[in-house]
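Position in the sequence shown (from 1) plus 300 gives the number in the numbering used here.
Glycine included, every Cβ here is placed at the ideal spot set by N, Cα and C.
Down below is the structure, laid out as structure tokens.
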Amino acid sequence: MLSSQARVLGEFLVDRHVLSRDDLAIAMAEARRQSEPITQVLIRNGLVGEKDLTAALAETVGLRFIDFTETPLNPDAATTIPESVAREYLAVGVDFDGPRLIVAFADPGNDAGVLAVGQATGYEIVAAAGSRYEIGHALDQIFGVSSVAQQGSGGLENPDGAPVLDVNELLAMVIESGGSDLHLTAGSPPVIRVNGELKPVEGIEPLNGSQIREIIYAILTQKQREKFENELELDASYTLPGRSRFRLNVFLQRDSVGAVMRAIPFEIVELSSLGLPAAVERFADLPRGLVLVTGPTGSGKSTTLASLIDIVNKTKALHIMTVEDPIEFLHTHKKSVVNQREVGEDTHSFSNALRHVLRQDPDVILVGEMRDLETISTALTAAETGHLVFATLHTQDAPQSIDRIIDVFPAHQQQQIRVQLAASLQGIVTQQLIPTSDGKGRAVAAEILAATPAVRNLIREGKVHQIYSVMQAGAKHGMVTMDQSLAALVREGKISRETAFERCTNEEDLKRLIQSGGF
Numbered sequence: 301m302l303s304s305q306a307r308v309l310g311e312f313l314v315d316r317h318v319l320s321r322d323d324l325a326i327a328m329a330e331a332r333r334q335s336e337p338i339t340q341v342l343i344r345n346g347l348v349g350e351k352d353l354t355a356a357l358a359e360t361v362g363l364r365f366i367d368f369t370e371t372p373l374n375p376d377a378a379t380t381i382p383e384s385v386a387r388e389y390l391a392v393g394v395d396f397d398g399p400r401l402i403v404a405f406a407d408p409g410n411d412a413g414v415l416a417v418g419q420a421t422g423y424e425i426v427a428a429a430g431s432r433y434e435i436g437h438a439l440d441q442i443f444g445v446s447s448v449a450q451q452g453s454g455g456l457e458n459p460d461g462a463p464v465l466d467v468n469e470l471l472a473m474v475i476e477s478g479g480s481d482l483h484l485t486a487g488s489p490p491v492i493r494v495n496g497e498l499k500p501v502e503g504i505e506p507l508n509g510s511q512i513r514e515i516i517y518a519i520l521t522q523k524q525r526e527k528f529e530n531e532l533e534l535d536a537s538y539t540l541p542g543r544s545r546f547r548l549n550v551f552l553q554r555d556s557v558g559a560v561m562r563a564i565p566f567e568i569v570e571l572s573s574l575g576l577p578a579a580v581e582r583f584a585d586l587p588r589g590l591v592l593v594t595g596p597t598g599s600g601k602s603t604t605l606a607s608l609i610d611i612v613n614k615t616k617a618l619h620i621m622t623v624e625d626p627i628e629f630l631h632t633h634k635k636s637v638v639n640q641r642e643v644g645e646d647t648h649s650f651s652n653a654l655r656h657v658l659r660q661d662p663d664v665i666l667v668g669e670m671r672d673l674e675t676i677s678t679a680l681t682a683a684e685t686g687h688l689v690f691a692t693l694h695t696q697d698a699p700q701s702i703d704r705i706i707d708v709f710p711a712h713q714q715q716q717i718r719v720q721l722a723a724s725l726q727g728i729v730t731q732q733l734i735p736t737s738d739g740k741g742r743a744v745a746a747e748i749l750a751a752t753p754a755v756r757n758l759i760r761e762g763k764v765h766q767i768y769s770v771m772q773a774g775a776k777h778g779m780v781t782m783d784q785s786l787a788a789l790v791r792e793g794k795i796s797r798e799t800a801f802e803r804c805t806n807e808e809d810l811k812r813l814i815q816s817g818g819f
């Protein structure tokens, strides 16, 4: 049950046009489901920035909000609070009001903090609210920047004396460098993947296990910490307010915590802007069937799926159900109603969620990953019974994707599955992200299989190895092989020949395609 204060805050944010009513409803449902404060959910999902939220909270309870970009600090007031107390309670002296000291707190509702500041200064305290980030920045200006901040990342020290980096500043570096991932590993400085290459963050010494644990635990909920400690693995998401969302994977390596955080843009990119063939968009207009998006880790599968779901959401009045691990892109209700479920938070597993999904009146189902026999079997049944199902596999091409699905099943079932898959499959998109020739980005190379009658026959007859030949001659159906896609990128000057040959299926085919200038 959400508190009345949470409801008042939500309505206040909607009235001030800081938050839409749809986003509020989604956040309140998540807060209720996870037994978390609504404020934590709003910030984590990037719906409201920490500063705006703190200002709104202050106004709803009648406290003054200190905007440090507009309010000059009285130097005497600022240095009245001892540094140890100011940093412990995130408190900044702003000004004097006669015999009273006006203090901005990150948590003005913490009575113990207000009392401690009063005892340390000898003043009667007038508590005001301030942004946690701005208060931390002000404290560094007043008392000097800590040793870690001087290295370029800002931070305090943990009880063991090891410096703690500000994860938000590290993630901001990922965005500003055009990077895709942040790696945190004991014995190494933070490392950012930029255009496929790992680059250490300059000016920061190698991190130890204690530092990484502090960095990661600072952004996890209590429930997430407990899950990680029980299972020694954790998939989650984190929001850098106003900048980006990140997919977070936490793990143990040599008894130390390690983590990788992958950037996920707030904005769902239009499919036409991803560099994929126009034929891919047709899959979003299908009434039923199975559409697979495949490729190695980091190939942009989730981005493509989010764009396809967004097309459906914008153009059709349907019920879309997603099962993801974790939820990456957030979909608001447009023409469709979208329900997103996260494995480990909203459901125990992909298979468990899919066992129940057909009772939830879906029109479109997104399966984040088909990992096991039960998940694959249920997805096939859903596609066969009139639902449009999008799913991913970690496979390298269309024929391998078909074989992977069939091979999951026992030998005595495989012919039945061939028939079922031949009837329900609509298409397969296999993609790779290739470093561009100028070294400034990556281009998408995509293989497209459309389930024509010829392709369906080959699947039924167990002649999957012949599908590649059908794809080579299938341009009129929107089909493209990976080598054809790579050759086109080379001819357009987007990628180098050397890179294309490293990623191709058949070197002779690729050489011929580049030289012939066509398919």
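Could you spell out the range, first to last residue, of the alpha helix (DSSP H) harbouring Val801?
In the sequence as presented, Val is not what sits at residue 801; that position holds Phe. Unbroken alpha helix (DSSP H) run through Phe801: Arg797 to Arg803.
Report buried or exposed for Gly454, applying the criterion of at least 16 other Cβ atoms within 10 angstroms of its Cβ.
The predicted model places Gly454 with a pLDDT of 38, which falls under 50 and marks its position as unreliable, so this point remains unresolved.
Can you list, in chain order, the residues of its chain whose CB lies under 6 Å from that of Thr594, leaving out five sequence neighbours each side?
Leu693, Thr695, Ser701 and Thr730
Where does Tyr433 sit, in a helix, a strand or coil, going by DSSP?
helix
For Lys499, which three-state DSSP category applies?
strand
Comparing C-alpha positions only, which one of Leu630, Gln640 and Phe629 sits nearest to Val623?
Gln640
Considering only the beta carbon of each residue, do Pro372 and Ala420 sit closer than 9 Å?
no
Determine the DSSP secondary structure at Ser544, reduced to helix, strand or coil.
strand
Tell me, please, which residues DSSP counts as bridged to Asn639.
Met621
Cβ-based neighbour list, Ile832, same chain, cut-off 7 Å, excluding 5 preceding and 5 following:
No information on residue 832 is available, as it lies outside the stretch 301 to 819 that the chain covers here.
If you pair each beta-carbon of the stretch 719-727 with each one of the stretch 677-691, do three or more pairs fall below 8 Å?
yes
Could you tell me which of Ala378, Thr380, Ala306 and His317 sits nearest to Ala358, measuring between CA atoms?
Ala306
Should Glu570 and Ser607 be called a contact, given that it needs their Cβ atoms to be closer than 9 Å?
yes
Below 8 Å, can you find three or more Cβ-Cβ pairs linking the stretch 504-520 to the stretch 555-573?
yes
Would you tell me roughly how many angstroms separate the C-alpha atoms of Thr615 and Leu590, rounded to the nearest one?
19 Å
Counted within 10 angstroms of its Cβ, other Cβ atoms place Ser384 as buried (16 or more) or exposed:
Ser384 is exposed by the Cβ-count criterion.
For Leu313, three-class secondary structure by DSSP:
helix
Contacting residues, own chain, Cβ-Cβ under 8 Å from Leu719 (five flanking each side not counted)
In the sequence as presented, Leu is not what sits at residue 719; that position holds Val. Excluding sequence neighbours, Val719 sits near Arg760.
Tell me, which residues are paired with Asn549 by DSSP?
Asp535 and Val560
Rounding to the nearest angstrom, what Cα-Cα distance links Arg742 and Ser599 in this structure?
10 Å
Compute the Euclidean distance between the alpha carbons of Asn652 and Arg547, then round it to the nearest angstrom.
22 Å
Check whether the stretch 521-534 touches the stretch 333-343, taking contact to mean three or more Cβ pairs, one atom from each stretch, closer than 8 Å.
yes
Can Gly478 and Lys740 be called in contact, C-beta distance under 9 Å?
yes
If you count every other CB in all the chains shown that lies within 10 Å of the CB of Arg493, and 16 or more means buried, which is it?
buried
Does the count of Cβ pairs from the stretch 562-569 and the stretch 654-665 closer than 8 Å reach three?
no
Any idea what DSSP makes of Leu319, helix, strand or coil?
coil
In terms of DSSP beta bridges, what is Glu424 paired with?
Arg400
For Leu363 and Ala428, believed in contact at Cβ under 8 Å, the rounded distance
Right, the Cβ-Cβ distance comes to about 6 Å (below 8 Å), so this counts as a contact.
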